[in-house]
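For the sequence shown, my numbering begins at 404 and goes up steadily by one.
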Amino acid sequence: MWLVKRVLPIAVTMAVVAAVTALLWYAKQLGVGPHHPVFFYLLPIATVAILFGSRHGTLCAIASAACSAYFLYDPLYSFNVTNRLEWGDLICFVLLALMAVKCTRELMRPVANIQAAKSRYRSR
404 MWLVKRVLPI
414 AVTMAVVAAV
424 TALLWYAKQL
434 GVGPHHPVFF
444 YLLPIATVAI
454 LFGSRHGTLC
464 AIASAACSAY
474 FLYDPLYSFN
484 VTNRLEWGDL
494 ICFVLLALMA
504 VKCTRELMRP
514 VANIQAAKSR
524 YRSR
């Protein structure tokens, strides 16, 4: 049971990154993809951070940057991003994603404190 509790958040995190990457890759192949595709990962990263915590949100941010560099930026299927503007996109994305993870952690902290206080009160 402890293995499921540890592996499930990581599996969900990687599945979310894979799903968003697949959608963006497909849009790129059709020629209707966005100019800055990496920023479409921000909402899933915030969702993962809310559901599973900041460690998994950070993992999601790093995996998203790696997947977007490999699958979405030219040359495809290589981590060698040739355009300096795209490097800037990736760097700004990682910084923004880490700030989003930190903000969601801070926003969710009072809820955790309230729930802990309620459980202490009920146990009396």
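Note that beta-carbon positions come from the ideal geometry of N, C-alpha and C, so glycine has one too.
Legend entry - C-beta atoms of Ala-414 and Ala-449 nearer than 9 Å: Here residue 414 is taken as the residue at index 11 of the sequence shown, counted from 1. Here residue 449 is taken as the residue at index 46 of the sequence shown, counted from 1. Contact flag unset, no.
Inset, instruction - Determine the direct distance from the alpha carbon of Tyr-524 to that of Ala-468, and round the result to whole angstroms. - result: The residue labelled residue 468 in the question sits at position 65 within the sequence shown. The residue labelled residue 524 in the question sits at position 121 within the sequence shown. Distance between the alpha carbons of Ala-468 and Tyr-524: 43 Å.
Legend entry - Assigned secondary structure, Thr-450 (DSSP; H/G/I helix, E/B strand, else coil): As a working mapping, residue 450 is identified with position 47 in the sequence shown. Thr-450 falls in the helix class under three-state DSSP.
Inset, instruction - Would you tell me roughly how many angstroms separate the C-alpha atoms of Leu-488 and Ile-494, rounded to the nearest one? - result: Here residue 488 refers to the residue found at position 85 of the sequence shown. Here residue 494 refers to the residue found at position 91 of the sequence shown. Rounded to whole angstroms, Leu-488 to Ile-494 spans 10 Å at the Cα level.
Inset, instruction - Starting from the C-beta of Met-417, find all residues in its chain whose C-beta is less than 8 Å away, skip the five residues before and the five after it, and write them out in chain order. - result: One-based indexing of the sequence shown puts residue 417 at position 14. The answer, listed in chain order, is Ala-466.
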